[in-house]
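A.B. asks: Take a look at this one; I'll ask things after.
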Amino acid sequence: MPELPAIDELNPRQRAAALHGIEPKTQFKPLLIIAGAGSGKTRTLAYRVAQLVADGVHPDRILLLTFTRRAALEMTRRAKSILGRVRKDRAASWAGTFHSIANRLLRLHADELSLDPSFTILDREDSCDLMDLVRQGLGLSKIRQRFPRKGTCLAIYSRTVNAQRPLEACLAEAFPWCSQWESELRRLFRGYAEAKQQRHVLDYDDLLLYWYYLMGEPAAATRVSSRFDQVLVDEYQDTNLLQAKILLALKPDGHGLTVVGDDAQAIYSFRGATVRNILDFPNQFSSPATVVTLDQNYRSTQPVLDAANGVIGLSPERFTKDLFSVRTEGSLPMLICVEDELLQAEYVVARILEQREAGVLLKQQAVLFRAAHHSDSLELELARRGIPFVKYGGLRFLEAAHIKDVLCVLRWAENARDSLAAFRALQLCAGIGPALAERAFNSLSEPVPSEAGEFLARGVARAAWPTFWELICALRSPATAWPGQIARIRKWYEPQLERLYDGARARISDLDQLEQIGSQYSTRENFLSELTLDPPESSGAEVGPPLLDEDYLILSTIHSAKGQEWKVVYLLNVVDGCIPSDMAAASADQIEEERRLLYVAMTRARDSLYLLHPTKMFIAQQPRFGDRHVLVPRSRFIPDDLLNRFEQVAYAHHEARKDVRLASTRKIDVAEKVRALWDG
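All residue numbers for the sequence shown refer to the working numbering, where the first residue is 385 and numbers rise by one.
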């Protein structure tokens, strides 16, 4: 076995994980890598992929499953770079997210599943809209009592599918206020499934569900499983039960299966993920999995790790590990007690500027919080002080109306039966509203479609229609190559922007970005599928944050910060009610996930960590003359026994802010000046 020279770059435990089953040469029994925060997980997994290829496994027979497209690209890039030191090899071709791999497999096995291989994929908003159409068609929107809205219905449907739980149990556990509607929801979900089948579309959850059903047929499961000698899964703690069942069907005995994750960073149960997948993994096979723990941290100082280890060490069930670092020096994390949220914001901004003057750039500092609204007071203070910032958790790229417009034109060109895409695309034409769009789609769906039809016999639509229909026909023509299709749509669409939306000029930059992203894909189908399954977080996400200034501060929810790191981290509202959240304290499992959330936040810090504890919190919607502040205790996750791992500070200095009224002997008639603005 040609051992890669670069393997010496790994520490002993990383090396053991990378060479499992290879050195010494043994069976590839199931492997679980417990990778602590900052322990070099990506590097270890990349080395394992490279070493497998060096050992003779063909790259096409390696399946690498990640949770973002970017992670898959980075993993394969690193593996190829490592291999390139000794020989030329291409990266694994089966690398991507669970949903993107499912998309590829379903198209290859479409006939076995009675699927049209040209199916299109609905994003969440389109799924909601289709759910609402079915909901209205069944008369559920006219019920006198309050029936769940379309978004809630889709959330119930998604949780039932991904958690592999009966509808009745899912309603009782997560949507108790909807339990009375169980029979109506069953009827709705059946209608929703039929509506998707009629349109040859799948939603996000269908991709995994259909893959699971494919693996349920022994002959088909054998054909899929035989494609891959090695299956590697990143971030296994973030998988749901449906994903775990698919993996077990791929590798029933676990041979050739490697999963990597950290039970201490399992924080996505609201998406259907379950920490049980990683906790129970070792004993799911006849031959128990080998467990290798990576506990050397390459990110944080030891004082930061000691505090984080103390917090997670109180968890009743976990894989035992205590992170350690060669960076033994450093200051203790700060636990700052402040009077209220305003003083909290004042303190944080003062420390941010202090760190900046000490040479720490704003972009090397981050303020984290449990919920997006927790930063409201801080954002006002930052604006007052003129400190630029980027906040993660805004409008997603695909939710922007102008982006959806262009994508719907492409989707309708790809799948002529996608009525949701067609209705939106048709209404981009001047003079075509919802009723006319429906008549147009029905006419165009006839065996012998009418190009213009009687429905466009008069009005503005008659003038706008020919150019639009010419565009659709050109996009559907095999003679029209994929490169340039977005540019072709833009040529028609940009003149419509002024009519459809305010701020047309600002929206054009997003279309530039969409065209740039499209150039990275080989086919229209691949582009539409991948962009739906793994979209940029927000406008500009593919090309980095907007250029606000020479520097900018990072604001982020803890969930959005996972996988990131900064020199200095400030964590707001480390109090009961926020961490743990009042909304996630109904069960012991929820409380433990909140503990892991605090651990994730703390382990983002490389050098300095500040935890803020306001003693009073503002409560909205109190009685008119009631006390709008309540006393709140420090988070239960930092009990008195752990206080010796922090430096405690009480901050009580309020910066004086007095409004000074300036006296003047000259009176200014402001009212008259305002009226004069409109005198012409």
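Don't be surprised by glycine CBs; every beta carbon is placed ideally from N, CA and C. Here the structure is a predicted model, which means the values were calculated and not measured.
1) Can you tell me where the beta strand (DSSP E) holding Q614 begins and where it ends?
2) Please report the distance separating the alpha-carbon of L538 from that of M515.
3) Would you decide whether H483 is buried or exposed? Buried here means 16 or more other CB atoms lie within 10 Å of its CB.
4) If we count the other Cβ atoms within 10 Å of its Cβ and call it buried at 16 or more, is S411 buried or exposed?
5) Whole angstroms is fine: what's the gap from L436's alpha carbon to Q614's?
6) How far does the beta strand (DSSP E) with G334 in it reach, from first residue to last?
7) Return the first residue and the last residue of the alpha helix (DSSP H) that R990 is part of.
8) Of the residues S671, E619, Q900, which one's Cα is nearest the Cα of I662?
9) Taking 8 Å as the threshold, find out whether the region 953 to 963 comes into contact with the region 763 to 777 through three or more Cβ pairs.
10) Let's test the definition: count the other Cβ atoms within 10 Å of the Cβ of L551 and tell me whether it reaches 16, buried, or not, exposed.
11) Are the Cβ atoms of L678 and G420 separated by less than 7 Å?
12) Whole beta strand (DSSP E) runs in the region 545 to 624 with 3 or more residues, listed along the chain?
13) Residues bridged to Q328 by DSSP?
14) Using only the alpha-carbon positions, how far apart do E566 and L555 sit?
15) Going by beta-carbon coordinates alone, are S423 and D444 separated by less than 7 Å?
16) Three or more beta-carbon pairs under 8 Å between the region 742 to 761 and the region 976 to 993, yes or no?
17) Which two residues bound the contiguous beta strand (DSSP E) that contains E509?
18) Taking the alpha-carbon of Y1035 as reference, which of R808, I720, A756 has the nearest alpha-carbon?
19) Checking 7 Å against the spacing of the C-beta atoms, do W876 and L898 come in under that value?
20) Let's test the definition: count the other Cβ atoms within 10 Å of the Cβ of D587 and tell me whether it reaches 16, buried, or not, exposed.
21) DSSP three-state label for W866, please.
22) Start and end of the beta strand (DSSP E) containing I720?
23) Given a cut-off of 7 Å on the beta-carbon distance, is the pair V676 and I417 in contact?
24) Taking a contact to mean a Cβ-Cβ separation below 7 Å, would you say L810 touches D789 in this structure?
25) Which two residues bound the contiguous alpha helix (DSSP H) that contains K775?
26) Counting only runs of 3+ residues fully inside the region 404 to 449, write out the beta strand (DSSP E) ranges in chain order.
27) Have a look at R979 and D690 and give me their C-alpha separation to the nearest angstrom.
28) State the Cα-Cα distance for the pair S609 and I485, rounded to the nearest angstrom.
29) Alpha helix (DSSP H) containing V733: first to last residue?
30) Would you check if the distance between the CB atom of L752 and the CB atom of I1022 is smaller than 7 Å?
31) Name the residue from F911, S940, G468, H786 whose alpha carbon lies nearest to the alpha carbon of E882.
32) Touching or not, the region 624 to 634 and the region 402 to 409, by the rule of three or more beta carbon pairs under 8 Å?
33) Three-state secondary structure (DSSP) at V832?
34) Less than 7 Å between the beta carbons of L766 and P414, yes or no?
35) In whole angstroms, what separates the C-alpha of W950 from that of V744?
36) By DSSP's criteria, C857 is part of a beta bridge. Which residues make up the other side?
C.D. replies: On the basis of the coordinates in this document:
1) 614 to 617
2) 7 Å
3) buried
4) Here residue 411 turns out to be Gln, not Ser, going by the sequence shown. Label assigned to Q411: exposed.
5) 9 Å
6) Examination of residue 334 is not possible in this model, given that the chain is present from 385 through 1064 alone.
7) That residue, R990, is in no alpha helix (DSSP H); its beta strand (DSSP E) goes 989 to 998.
8) E619
9) no
10) buried
11) Taking a C-beta distance under 7 Å as the contact criterion, L678 and G420 qualify as a contact pair.
12) Runs of the beta strand (DSSP E) lying entirely within the region 545 to 624, each at least 3 residues long, are 614 to 617 in chain order.
13) With the chain represented from 385 up to 1064, any question about residue 328 goes unanswered, as that position is not in the structure.
14) C-alpha of E566 to C-alpha of L555: approximately 8 Å in a straight line.
15) If you check the CB distance, S423 and D444 do not come in under 7 Å.
16) yes
17) From DSSP, E509 is part of no beta strand (DSSP E) but of the alpha helix (DSSP H) over 508 to 521.
18) I720
19) No.
20) buried
21) Note: W866 maps to coil in three-state DSSP.
22) 718 to 722
23) yes
24) no
25) That residue, K775, is in no alpha helix (DSSP H); its beta strand (DSSP E) goes 773 to 776.
26) Fully enclosed beta strand (DSSP E) runs of 3 or longer: 415 to 419.
27) 15 Å
28) Rounded to the nearest whole angstrom, the C-alpha separation of S609 and I485 is 13 Å.
29) 725 to 741
30) no
31) H786
32) no
33) The predicted position of V832 is uncertain, since its pLDDT is 49 and thus under 50; a value taken from the coordinates is nonetheless stated next. DSSP places V832 in coil when its eight states are reduced to three.
34) no
35) 10 Å
36) Note: C857 sits in no beta bridge, so no partner.
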